Amino acid sequence: MSLNLTVMLDESAKVRPQKPALVLGEEKVTYAALREASMRFAAALSSLGIEPGDRVAIMVPNVPQFAIAYYGILRAGAVVVPLNVLLQGPEVAYHLEDSGTKALVAWDGFLEAAGRGYEEASGCEHLIVAGEKEVASEGALGFRGLLEQHPPEFETVQTMPDDTAVIIYTSGTTGRPKGAELSHFNLFYNAVCNADKLVQTSEEDAGIAALPLFHIFGQTAVLNTFVYSGNTITMIPRFEPEAVLGAIERDRITIFTGVPTMYQYLLHHPAADAHDTSSLRLGISGGASMPVEVLRRFEEKFGITILEGYGLSETSPVVCFNRSAEERKVGSIGLPIWGIEARVVDEDDREVPRGETGELVVRGHAIMKGYYGRPKETAEAMRGGWFHTGDLARMDEDGYIFIVDRKKDMIVRGGYNVYPREVEEAIYEHPAVAEVAVVGVPHEELGEEVVAVVVPKEGARVEEEEIIAFARERVARYKYPRRVVFVEELPKNATGKILKRELGPERLGPEVRGRR
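Quick note on numbering: the sequence shown equals residues 1 to 516 in our numbering.
Shown next, in the form of structure tokens:
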């Protein structure tokens, strides 16, 4: 049996050909037009010598060209390699070479880095430029020109369910990024589960692509989910709270999908009350743990329910989810979705008793084929047939899973394990705190000391000792931070996930080494 992910687009175009699939400001692309454009691009790639199984990279923000290229590459039987648009030249070259990419589709606004990476990478044969200035360098091809040159008569290449559809690169928190190979079936069924069993989309729903589509969360939970359901997607090229609030009001968005920091920005934005957001019915959160206090404040202010889920690049991404307002447990990532098994294990991969902390491992239809070109790393991650997430978790008596922390983020202070998320949850309750990240820094006597890096709310005044005292009243003595560092903003990746690896002593300064 063959399966190509583009079947979702084809079916929606058949049922709702004139319904807008994509909206960007005043621009609207119908389902029929999106399907036609993807066929033109597939034909163009074929004419350039791109064969089934070849890799084609996309370095494009949330604009219609991303979706056209994405489905066009898949329709040609090739493999999509989405690239973070903020990568610099050497990073682009690394991703192109590591994946063996043959062609790169780049947005003209990022052409300097993309072009340098293309020139430095061996084996990449074509640079295709999309945007206002499509051909900005000698030898580059124009995206629009390629579409115009090829008729929409391409016959979709038959791919098998287990054929690789996308190679998504991990964030590289431990070494250089690795490419997770996700199959057509991985992505297809994750989108189907998301639409039919979790979010339960209807014909009236409208989504918003505030998450970057080069990230697996945006691809599955927004692009593929809403294309499968035949819903309209409003595209936000760069996350800005004002733009998102305006789009929700203008396009009557019903489902907002984002990471916790996006919810925080919307919650605290001064113009939030000036926009009509009454069309919203549901918020979906993932990518990082949602602080309970932020969830409660957002729900109270916007009058919606937020359902938290969990996944990774290697899991397509959704493997756990809170299924409804009635069934959810606030602070948990919910239950494993249909067809996914989850366990919490110790260092020897033995299941721990309910309520105890261990590493979360999962298996089922969403799990990657492996890391591209890295059999050793694949075998280590898939020990015993279970994907090892690297996240510390506990499972309660009802099977609900609570993420305690990243395994590598855990702080060991004087022999005691400190889970940063627990301390962060306590500090988030302080009325002057907008964001907080708790990290461990080296300490000569204790091994590591606990430090809180705090972004105060706009206009708020708060002192270090006040935060320390506040936390001391809410967590055990060995857990509360001995130092608080105030910053204007926390370092984040493109999806809004806080980059704790950039909050070491070298950035915070030697004075953060803790007091006793």
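Quick reminder that beta carbons are idealized off the backbone N, C-alpha and C, glycines included.
Treat the numbers as computed from the prediction; the structure is a model and nothing was measured.
{"Query": "Where does Gln65 land, buried or exposed, given buried means 16+ other C-beta within 10 angstroms?", "Result": "buried"}
{"Query": "Just to confirm, is the Cβ distance from Pro237 to Pro17 under 8 angstroms?", "Result": "no"}
{"Query": "Please name the residue in His215, Phe214, Thr257 whose C-alpha comes closest to that of Thr234.", "Result": "Thr257"}
{"Query": "I think Tyr393 touches Leu360, with their Cβ atoms under 8 angstroms apart; what is that distance to the nearest whole Å?", "Result": "In the sequence as displayed, the identity of residue 393 is Ala instead of Tyr. Confirmed, about 4 angstroms."}
{"Query": "Under 8 angstroms between the Cβ atoms of Ser279 and Arg252?", "Result": "yes"}
{"Query": "Tell me the DSSP secondary structure of Ile216 in three-state form.", "Result": "helix"}
{"Query": "Considering only the beta carbon of each residue, do Lys369 and Thr164 sit closer than 8 angstroms?", "Result": "yes"}
{"Query": "Cβ of His269 within 8 angstroms of Cβ of Glu293?", "Result": "no"}
{"Query": "Under the three-state reduction of DSSP, which class applies to Cys320: helix, strand or coil?", "Result": "strand"}
{"Query": "Who are the near neighbours of Cys570 in its chain, counting only those whose CB is closer than 7 angstroms to its CB and skipping five residues on each side?", "Result": "One cannot answer for residue 570 here, as it falls past the ends of the chain, which runs 1 to 516."}
{"Query": "Mind checking which residues open and close the alpha helix (DSSP H) that includes Phe470?", "Result": "464-472"}
{"Query": "Thinking C-beta only, is Val129 closer than 8 angstroms to Ala140?", "Result": "yes"}
{"Query": "For Ala69, name the three-state secondary structure that DSSP assigns.", "Result": "helix"}
{"Query": "Suppose you measure from the CA of Ala530 to the CA of Asp409; what does that come to, to the nearest Å?", "Result": "This structure cannot settle anything about residue 530, because the visible part of the chain is limited to 1 through 516."}
{"Query": "Inspect the CB distances between the segment 478-495 and the segment 410-430 and report whether three or more fall short of 8 angstroms.", "Result": "yes"}
{"Query": "If Ala42 and Gly72 are in contact, beta carbons under 8 angstroms, what's the gap, nearest whole angstrom?", "Result": "5 angstroms"}
{"Query": "Which word fits Phe110, buried or exposed, when buried means at least 16 other C-beta atoms lie within 10 angstroms of its C-beta?", "Result": "buried"}
{"Query": "By Cβ distance, which residues of its chain are closer than 8 angstroms to Val259, with the 5 residues on each side in sequence left out?", "Result": "Leu211, Phe217, Ser285, Gly286, Gly287, Ala288, Thr495, Gly496, Lys497"}
{"Query": "Measure the CB-CB distance between Val227 and Ala21 and report whether it falls below 8 angstroms.", "Result": "yes"}
{"Query": "Suppose you measure from the CA of Pro505 to the CA of Glu448; what does that come to, to the nearest Å?", "Result": "11 angstroms"}
{"Query": "Per DSSP, what are the beta-bridge partners of Trp107 in this structure?", "Result": "Ala130"}
{"Query": "Is it the case that the segment 143-155 contacts the segment 35-50, given that we only count it when at least three CB pairs across the two stretches are under 8 angstroms?", "Result": "yes"}
{"Query": "Report all residues from its chain with a CB closer than 7 angstroms to the CB of Gly459; omit the five preceding and five following residues, and keep chain order.", "Result": "none"}
{"Query": "From the DSSP output, which residues share a beta bridge with Val412?", "Result": "Asn417"}
{"Query": "Is the distance from the Cβ of Gly198 to the Cβ of Leu213 below 8 angstroms?", "Result": "In the sequence on display, residue 198 carries Leu and not Gly. No, the pair does not count as a contact, with Cβ atoms beyond the cut-off."}
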